[in-house]
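For the sequence shown, the working numbering begins at 57 and goes up steadily by one.
The next block holds one structure in the form of C-alpha coordinates; read it before the comments.
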Amino acid sequence: MKPLEGVRVVAVEHFGAAPYGTMFLASLGADVVRIENAAAGGDPARRTGPHLLGDSDSQYFQSWNLGKRSVALDLKRERPEFENLVKGADALVNNLRGDLPARLGLDYASLAPINAALVCVHLSAYGRDNERAAWPGYDFLMQAEAGLMSLTGEPDGPPARYGTSMIDCMAGMTAAAALLACLLRARATGKGCDVDTSLFEVALHQLGYAATWYLNEGEAAARLPRSAHLSLVPVQTFPSADGWIFVMCMTDRFWVTLTELLGRGDLRHDARFATQAARLEHRAALSAVLDGEFRRQPTGFWLERLSGKVPVAPVNDVARALENPFVQEIGMVQTVPHPQRPGFRVLASPVRIDGERPQPKVCE
(Lines of atoms letter the chains of each structure in order from A; the text may use other names.)
(Lines give C-alpha, C1' and ligand atoms only; values in the text may rest on other atoms or scores of the structure.)
Protein backbone atom coordinates (compact mmCIF):
# COMPACT_ATOMS: atom_id res chain seq x y z
CA MET A 57 0.00 0.00 0.00
CA LYS A 58 1.34 3.41 -0.96
CA PRO A 59 1.39 6.09 1.77
CA LEU A 60 -1.18 8.37 0.11
CA GLU A 61 -3.63 5.75 -1.12
CA GLY A 62 -7.13 6.98 -0.38
CA VAL A 63 -6.15 10.64 -0.75
CA ARG A 64 -7.76 12.48 -3.65
CA VAL A 65 -6.36 15.73 -5.02
CA VAL A 66 -8.20 17.76 -7.64
CA ALA A 67 -5.81 19.94 -9.61
CA VAL A 68 -6.57 22.98 -11.76
CA GLU A 69 -3.03 23.24 -13.06
CA HIS A 70 -0.92 23.89 -16.12
CA PHE A 71 2.72 23.92 -17.21
CA GLY A 72 5.19 23.20 -14.42
CA ALA A 73 4.95 24.39 -10.82
CA ALA A 74 1.79 22.81 -9.42
CA PRO A 75 2.05 19.81 -11.76
CA TYR A 76 5.50 18.97 -10.40
CA GLY A 77 4.23 18.96 -6.82
CA THR A 78 1.10 16.95 -7.55
CA MET A 79 3.15 14.47 -9.58
CA PHE A 80 5.03 13.65 -6.38
CA LEU A 81 1.73 13.20 -4.54
CA ALA A 82 0.60 10.84 -7.30
CA SER A 83 3.83 8.84 -7.07
CA LEU A 84 3.11 8.35 -3.37
CA GLY A 85 -0.34 6.96 -4.09
CA ALA A 86 -2.66 9.96 -4.22
CA ASP A 87 -5.41 9.97 -6.83
CA VAL A 88 -4.64 13.21 -8.65
CA VAL A 89 -7.43 14.34 -10.96
CA ARG A 90 -6.44 17.15 -13.31
CA ILE A 91 -9.15 19.45 -14.63
CA GLU A 92 -8.51 20.63 -18.18
CA ASN A 93 -10.67 22.82 -20.37
CA ALA A 94 -11.03 20.88 -23.61
CA ALA A 95 -12.51 23.89 -25.42
CA ALA A 96 -9.27 25.77 -24.78
CA GLY A 97 -7.15 22.81 -25.89
CA GLY A 98 -6.34 21.57 -22.39
CA ASP A 99 -3.04 22.23 -20.70
CA PRO A 100 -0.75 24.15 -23.10
CA ALA A 101 2.02 21.78 -21.99
CA ARG A 102 0.33 19.09 -24.09
CA ARG A 103 1.32 21.02 -27.19
CA THR A 104 4.79 22.04 -26.07
CA GLY A 105 7.38 20.57 -28.43
CA PRO A 106 9.58 19.61 -29.95
CA HIS A 107 8.76 16.02 -29.00
CA LEU A 108 5.02 15.46 -29.35
CA LEU A 109 3.13 12.26 -28.61
CA GLY A 110 0.19 12.44 -30.99
CA ASP A 111 -2.17 15.39 -31.30
CA SER A 112 -2.74 16.21 -27.62
CA ASP A 113 0.26 15.00 -25.67
CA SER A 114 3.98 15.64 -25.46
CA GLN A 115 7.05 14.40 -23.68
CA TYR A 116 7.17 17.80 -21.97
CA PHE A 117 3.65 17.31 -20.58
CA GLN A 118 4.35 13.80 -19.32
CA SER A 119 7.51 14.97 -17.56
CA TRP A 120 5.29 16.99 -15.18
CA ASN A 121 2.24 14.75 -14.95
CA LEU A 122 3.10 11.08 -14.57
CA GLY A 123 0.67 9.08 -12.47
CA LYS A 124 -2.32 11.41 -12.81
CA ARG A 125 -5.59 11.32 -14.72
CA SER A 126 -7.32 14.18 -16.49
CA VAL A 127 -10.96 15.11 -16.93
CA ALA A 128 -12.35 17.66 -19.38
CA LEU A 129 -14.32 20.31 -17.53
CA ASP A 130 -15.22 23.96 -18.06
CA LEU A 131 -15.15 25.55 -14.60
CA LYS A 132 -17.48 28.35 -15.65
CA ARG A 133 -20.13 26.29 -17.44
CA GLU A 134 -19.94 22.97 -15.60
CA ARG A 135 -19.90 24.06 -11.96
CA PRO A 136 -22.10 21.20 -10.67
CA GLU A 137 -19.71 18.61 -12.10
CA PHE A 138 -16.77 20.44 -10.54
CA GLU A 139 -18.47 20.61 -7.14
CA ASN A 140 -19.23 16.91 -7.33
CA LEU A 141 -15.50 16.24 -7.76
CA VAL A 142 -14.63 18.54 -4.87
CA LYS A 143 -17.12 16.84 -2.52
CA GLY A 144 -15.05 13.67 -2.58
CA ALA A 145 -11.62 15.33 -2.55
CA ASP A 146 -9.15 15.97 0.23
CA ALA A 147 -7.44 18.88 -1.49
CA LEU A 148 -7.79 21.25 -4.41
CA VAL A 149 -4.63 22.66 -6.01
CA ASN A 150 -4.34 25.46 -8.52
CA ASN A 151 -1.48 27.44 -10.03
CA LEU A 152 -3.56 30.14 -11.63
CA ARG A 153 -2.92 33.87 -11.60
CA GLY A 154 -3.46 35.23 -8.10
CA ASP A 155 -6.70 37.07 -8.86
CA LEU A 156 -8.44 34.05 -10.40
CA PRO A 157 -9.11 31.52 -7.58
CA ALA A 158 -11.68 33.75 -5.84
CA ARG A 159 -13.30 34.71 -9.15
CA LEU A 160 -13.59 31.06 -10.17
CA GLY A 161 -14.72 29.89 -6.75
CA LEU A 162 -11.61 27.83 -6.01
CA ASP A 163 -10.91 29.23 -2.54
CA TYR A 164 -11.92 27.80 0.82
CA ALA A 165 -14.65 30.37 1.42
CA SER A 166 -16.38 29.28 -1.78
CA LEU A 167 -15.98 25.54 -1.26
CA ALA A 168 -16.30 25.03 2.51
CA PRO A 169 -20.10 24.68 2.27
CA ILE A 170 -19.52 21.73 -0.06
CA ASN A 171 -16.55 20.16 1.75
CA ALA A 172 -15.59 21.71 5.09
CA ALA A 173 -12.39 19.65 5.35
CA LEU A 174 -11.07 20.65 1.93
CA VAL A 175 -7.51 22.01 1.75
CA CYS A 176 -7.30 24.64 -0.99
CA VAL A 177 -3.74 25.22 -2.21
CA HIS A 178 -2.97 28.30 -4.29
CA LEU A 179 0.39 28.46 -6.07
CA SER A 180 0.43 31.74 -7.96
CA ALA A 181 3.19 33.87 -9.43
CA TYR A 182 3.13 36.61 -6.78
CA GLY A 183 0.36 35.75 -4.30
CA ARG A 184 -3.36 36.53 -4.06
CA ASP A 185 -3.47 39.50 -1.68
CA ASN A 186 -1.15 42.17 -3.05
CA GLU A 187 -0.80 44.64 -5.92
CA ARG A 188 0.69 41.97 -8.19
CA ALA A 189 -2.10 39.45 -7.73
CA ALA A 190 -3.28 39.83 -11.33
CA TRP A 191 0.20 39.69 -12.83
CA PRO A 192 1.23 36.68 -14.91
CA GLY A 193 4.63 35.31 -14.00
CA TYR A 194 6.99 32.45 -14.72
CA ASP A 195 10.04 30.73 -13.26
CA PHE A 196 12.76 32.63 -15.11
CA LEU A 197 11.30 36.02 -14.12
CA MET A 198 11.52 34.98 -10.49
CA GLN A 199 15.15 33.93 -10.82
CA ALA A 200 15.85 37.38 -12.24
CA GLU A 201 13.99 39.50 -9.69
CA ALA A 202 14.89 37.45 -6.63
CA GLY A 203 18.60 37.96 -7.26
CA LEU A 204 19.41 34.38 -8.19
CA MET A 205 20.65 35.27 -11.67
CA SER A 206 23.09 37.76 -10.16
CA LEU A 207 24.77 34.80 -8.44
CA THR A 208 24.90 32.56 -11.50
CA GLY A 209 27.49 32.67 -14.28
CA GLU A 210 30.98 34.06 -14.55
CA PRO A 211 31.75 37.51 -13.04
CA ASP A 212 32.73 38.97 -16.42
CA GLY A 213 29.73 37.49 -18.24
CA PRO A 214 26.01 38.28 -18.24
CA PRO A 215 23.75 37.07 -15.42
CA ALA A 216 22.51 33.55 -16.08
CA ARG A 217 19.50 31.53 -15.09
CA TYR A 218 19.48 27.98 -13.83
CA GLY A 219 19.41 25.54 -16.74
CA THR A 220 15.93 24.13 -16.00
CA SER A 221 12.79 25.40 -14.27
CA MET A 222 14.09 24.88 -10.75
CA ILE A 223 11.82 27.49 -9.13
CA ASP A 224 8.79 25.71 -10.59
CA CYS A 225 10.05 22.48 -9.05
CA MET A 226 10.83 24.03 -5.67
CA ALA A 227 7.48 25.84 -5.57
CA GLY A 228 5.65 22.64 -6.45
CA MET A 229 7.37 20.73 -3.67
CA THR A 230 6.73 23.58 -1.22
CA ALA A 231 3.04 23.48 -2.08
CA ALA A 232 2.93 19.67 -1.78
CA ALA A 233 4.56 19.74 1.67
CA ALA A 234 2.15 22.42 2.88
CA LEU A 235 -0.79 20.48 1.46
CA LEU A 236 0.15 17.35 3.37
CA ALA A 237 0.66 19.25 6.63
CA CYS A 238 -2.73 20.95 6.35
CA LEU A 239 -4.36 17.69 5.30
CA LEU A 240 -3.23 16.13 8.59
CA ARG A 241 -4.77 19.04 10.48
CA ALA A 242 -7.98 18.87 8.47
CA ARG A 243 -8.36 15.19 9.23
CA ALA A 244 -7.87 15.90 12.93
CA THR A 245 -10.21 18.90 13.10
CA GLY A 246 -12.61 18.45 10.20
CA LYS A 247 -11.76 21.95 9.01
CA GLY A 248 -9.82 22.75 5.88
CA CYS A 249 -8.16 26.00 4.89
CA ASP A 250 -6.52 28.08 2.21
CA VAL A 251 -2.78 27.51 1.68
CA ASP A 252 -0.80 30.10 -0.26
CA THR A 253 2.66 30.12 -1.75
CA SER A 254 4.08 31.78 -4.83
CA LEU A 255 6.90 31.46 -7.31
CA PHE A 256 8.35 34.77 -6.13
CA GLU A 257 8.34 33.85 -2.44
CA VAL A 258 9.94 30.49 -3.11
CA ALA A 259 12.58 32.05 -5.37
CA LEU A 260 13.45 34.67 -2.77
CA HIS A 261 13.65 31.98 -0.10
CA GLN A 262 16.24 30.13 -2.18
CA LEU A 263 18.73 32.94 -1.52
CA GLY A 264 19.24 31.23 1.84
CA TYR A 265 22.37 32.32 3.66
CA ALA A 266 23.12 34.98 1.03
CA ALA A 267 19.94 36.73 2.16
CA THR A 268 20.83 36.32 5.83
CA TRP A 269 24.25 37.86 5.26
CA TYR A 270 22.78 40.89 3.52
CA LEU A 271 19.94 41.39 6.01
CA ASN A 272 22.30 41.30 8.98
CA GLU A 273 25.66 42.48 7.66
CA GLY A 274 24.80 44.44 4.52
CA GLU A 275 27.00 42.08 2.52
CA ALA A 276 25.63 41.46 -0.97
CA ALA A 277 26.99 38.22 -2.43
CA ALA A 278 28.23 38.35 -6.00
CA ARG A 279 29.14 35.90 -8.75
CA LEU A 280 32.45 34.14 -8.35
CA PRO A 281 34.59 32.45 -10.99
CA ARG A 282 34.07 28.76 -11.71
CA SER A 283 30.78 28.42 -9.78
CA ALA A 284 32.76 28.78 -6.57
CA HIS A 285 31.28 28.70 -3.07
CA LEU A 286 30.89 32.10 -1.48
CA SER A 287 33.03 31.33 1.57
CA LEU A 288 34.60 27.85 1.36
CA VAL A 289 37.77 27.16 -0.67
CA PRO A 290 38.49 25.15 -2.77
CA VAL A 291 34.90 24.51 -3.79
CA GLN A 292 34.63 25.09 -7.56
CA THR A 293 35.21 23.66 -11.01
CA PHE A 294 38.69 22.89 -12.30
CA PRO A 295 39.78 22.11 -15.87
CA SER A 296 41.06 18.59 -16.48
CA ALA A 297 42.95 17.46 -19.56
CA ASP A 298 39.68 16.63 -21.33
CA GLY A 299 36.88 18.46 -19.53
CA TRP A 300 35.89 19.81 -16.15
CA ILE A 301 35.69 18.45 -12.65
CA PHE A 302 33.98 19.87 -9.57
CA VAL A 303 35.87 19.60 -6.27
CA MET A 304 34.30 20.39 -2.89
CA CYS A 305 36.66 20.65 0.05
CA MET A 306 33.99 21.68 2.52
CA THR A 307 36.20 20.86 5.50
CA ASP A 308 39.90 21.07 6.35
CA ARG A 309 40.02 17.28 6.41
CA PHE A 310 39.04 17.08 2.75
CA TRP A 311 41.60 19.77 1.90
CA VAL A 312 44.37 17.78 3.57
CA THR A 313 43.29 14.61 1.74
CA LEU A 314 43.25 16.46 -1.58
CA THR A 315 46.80 17.72 -1.13
CA GLU A 316 47.97 14.20 -0.33
CA LEU A 317 46.27 12.65 -3.36
CA LEU A 318 47.64 15.37 -5.62
CA GLY A 319 51.12 14.76 -4.26
CA ARG A 320 51.20 18.36 -3.12
CA GLY A 321 51.52 18.11 0.64
CA ASP A 322 53.48 21.35 0.51
CA LEU A 323 50.28 23.28 -0.16
CA ARG A 324 48.77 22.65 3.24
CA HIS A 325 51.92 23.98 4.88
CA ASP A 326 51.85 27.14 2.78
CA ALA A 327 50.61 29.93 5.07
CA ARG A 328 48.33 31.19 2.28
CA PHE A 329 46.44 27.90 2.18
CA ALA A 330 46.82 26.43 5.68
CA THR A 331 43.38 27.47 6.98
CA GLN A 332 39.94 28.00 5.49
CA ALA A 333 40.18 31.74 6.16
CA ALA A 334 43.59 31.93 4.48
CA ARG A 335 42.39 29.99 1.45
CA LEU A 336 39.44 32.34 1.11
CA GLU A 337 41.76 35.34 1.15
CA HIS A 338 44.05 33.76 -1.43
CA ARG A 339 41.38 32.04 -3.54
CA ALA A 340 42.79 33.20 -6.90
CA ALA A 341 46.32 32.06 -6.11
CA LEU A 342 45.16 28.64 -4.97
CA SER A 343 42.92 28.25 -7.99
CA ALA A 344 45.87 28.92 -10.30
CA VAL A 345 47.98 26.28 -8.55
CA LEU A 346 45.23 23.66 -8.62
CA ASP A 347 44.43 24.41 -12.26
CA GLY A 348 47.96 23.38 -13.13
CA GLU A 349 47.60 20.12 -11.25
CA PHE A 350 44.19 19.09 -12.61
CA ARG A 351 45.11 19.92 -16.20
CA ARG A 352 47.76 17.20 -16.12
CA GLN A 353 45.27 14.32 -16.35
CA PRO A 354 41.82 13.59 -17.83
CA THR A 355 38.67 13.69 -15.74
CA GLY A 356 38.47 9.89 -15.49
CA PHE A 357 41.90 9.74 -13.88
CA TRP A 358 40.90 12.24 -11.20
CA LEU A 359 37.61 10.52 -10.51
CA GLU A 360 39.36 7.21 -9.99
CA ARG A 361 41.91 8.78 -7.67
CA LEU A 362 39.64 11.08 -5.66
CA SER A 363 36.15 9.56 -5.57
CA GLY A 364 35.06 8.48 -2.12
CA LYS A 365 37.96 10.29 -0.50
CA VAL A 366 37.37 13.89 -1.58
CA PRO A 367 33.90 15.10 -2.67
CA VAL A 368 34.26 15.30 -6.43
CA ALA A 369 32.12 14.95 -9.55
CA PRO A 370 32.51 15.21 -13.31
CA VAL A 371 30.82 18.16 -15.01
CA ASN A 372 28.56 16.21 -17.36
CA ASP A 373 26.30 17.27 -20.17
CA VAL A 374 22.76 15.85 -20.20
CA ALA A 375 23.73 12.84 -22.31
CA ARG A 376 26.60 11.83 -20.04
CA ALA A 377 24.47 12.43 -16.96
CA LEU A 378 21.77 10.03 -18.13
CA GLU A 379 24.16 7.42 -19.54
CA ASN A 380 26.05 7.33 -16.24
CA PRO A 381 26.21 3.65 -15.13
CA PHE A 382 25.41 4.77 -11.58
CA VAL A 383 22.05 6.10 -12.78
CA GLN A 384 21.23 2.64 -14.12
CA GLU A 385 22.51 0.94 -10.97
CA ILE A 386 20.15 2.87 -8.69
CA GLY A 387 17.17 2.52 -11.04
CA MET A 388 16.57 6.17 -11.82
CA VAL A 389 15.28 5.47 -15.35
CA GLN A 390 12.03 3.59 -15.87
CA THR A 391 9.99 2.55 -18.89
CA VAL A 392 6.24 3.21 -18.94
CA PRO A 393 3.79 2.15 -21.65
CA HIS A 394 2.38 4.97 -23.77
CA PRO A 395 -0.08 4.51 -26.66
CA GLN A 396 2.17 6.54 -28.97
CA ARG A 397 5.49 5.28 -27.60
CA PRO A 398 5.45 1.76 -26.10
CA GLY A 399 9.02 2.04 -24.81
CA PHE A 400 8.61 5.52 -23.32
CA ARG A 401 11.47 6.16 -20.89
CA VAL A 402 11.23 8.61 -18.00
CA LEU A 403 13.07 9.53 -14.85
CA ALA A 404 11.90 7.55 -11.85
CA SER A 405 10.80 9.05 -8.57
CA PRO A 406 13.81 9.97 -6.41
CA VAL A 407 11.97 8.48 -3.41
CA ARG A 408 12.10 4.82 -2.43
CA ILE A 409 9.78 3.33 0.18
CA ASP A 410 10.72 0.00 1.70
CA GLY A 411 13.45 -0.14 -0.91
CA GLU A 412 11.08 0.16 -3.87
CA ARG A 413 10.54 3.02 -6.30
CA PRO A 414 6.97 3.76 -7.39
CA GLN A 415 6.21 2.53 -10.89
CA PRO A 416 4.76 5.51 -12.78
CA LYS A 417 1.98 5.56 -15.35
CA VAL A 418 1.45 8.10 -18.09
CA CYS A 419 -1.15 10.81 -17.59
CA GLU A 420 -4.10 10.40 -19.91
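For every residue, glycine included, the Cβ atom is placed at its ideal position computed from N, Cα and C.
Cβ neighbours of A168 within its own chain (closer than 8 angstroms, five residues either side excluded): L174, G248. Classified as exposed, E187 has fewer than 16 neighbouring CB atoms from the shown chains inside 10 Å of its CB. Counting only residues of its own chain and dropping the five nearest sequence neighbours on each side, G144 has a CB closer than 7 angstroms to the CB of R64. In the structure shown, H285 adopts coil according to DSSP, grouped into three states. The shortest CA-to-CA distance from P100 to any of F80, G77, H70, L81 is the one to H70. I91 is bridged by DSSP to V127. Judged by DSSP secondary structure, P370 falls within the beta strand (DSSP E) whose first and last residues are 368-370. By the CB criterion at 8 angstroms, L317 and R361 fall inside the cutoff. DSSP, read as helix, strand or coil, puts I223 in helix. With a cutoff of 8 angstroms on beta-carbon distance, V383 and V374 are scored as not near each other. Residue state for N150 is assigned as strand, using DSSP reduced to three classes. When DSSP states are grouped into helix, strand and coil, V407 belongs to the coil group. The alpha carbon of T307 has as its nearest neighbour, out of R125, S287, I301, H325, the alpha carbon of S287. In the structure shown, Q390 falls within a strand segment according to DSSP collapsed to helix, strand and coil.
Annotated as distal: A147 and V127, with beta-carbon spacing of 8 angstroms or more. Runs of the beta strand (DSSP E) lying entirely within the stretch 141-211, each at least 3 residues long, are 147-150, 175-180 in chain order. The beta carbon of M304 sits closer than 6 angstroms to those of V291, P367, all from its chain and outside the five residues before and after it, given in chain order. Within the model, the alpha-carbon separation for R135 versus P157 is close to 14 angstroms.
Taking 3 residues as the minimum length, the beta strand (DSSP E) runs contained wholly in the stretch 244-314 are 249-254, 291-295, 300-304, in order along the chain.
Beta-carbon to beta-carbon, T208 and A202 are separated by about 12 angstroms, too far to satisfy the 8 angstroms threshold. Taking each of T391, E412, Y76 in turn and checking the Cα distance to M229, the smallest one comes out for Y76. Residue L280 holds the alpha-carbon nearest to the alpha-carbon of D212 among L81, V289, L280, S119. Cβ neighbours of R413 within its own chain (closer than 7 angstroms, five residues either side excluded): G387, A404, S405. Here E412 carries a strand assignment [DSSP, helix/strand/coil]. 8 angstroms or more divides the Cβ of L84 from the Cβ of L131. The beta carbon of L60 sits closer than 7 angstroms to the beta carbons of L81, L84, G85, A86 from its chain, once the five residues preceding and following it are set aside; these are given in chain order. In this structure, G105 sits near S114, with a CB-CB distance shorter than 8 angstroms. For L60, the secondary structure class from DSSP, reduced to helix, strand or coil, is coil. Burial is judged here by how many other beta carbons sit within 10 angstroms of a residue's own beta carbon; V142 has at least 16 and is buried. If you check the CB distance, G299 and V371 come in under 8 angstroms. The closest CA to that of N121, considering only N140, T78, A95, is found on T78.
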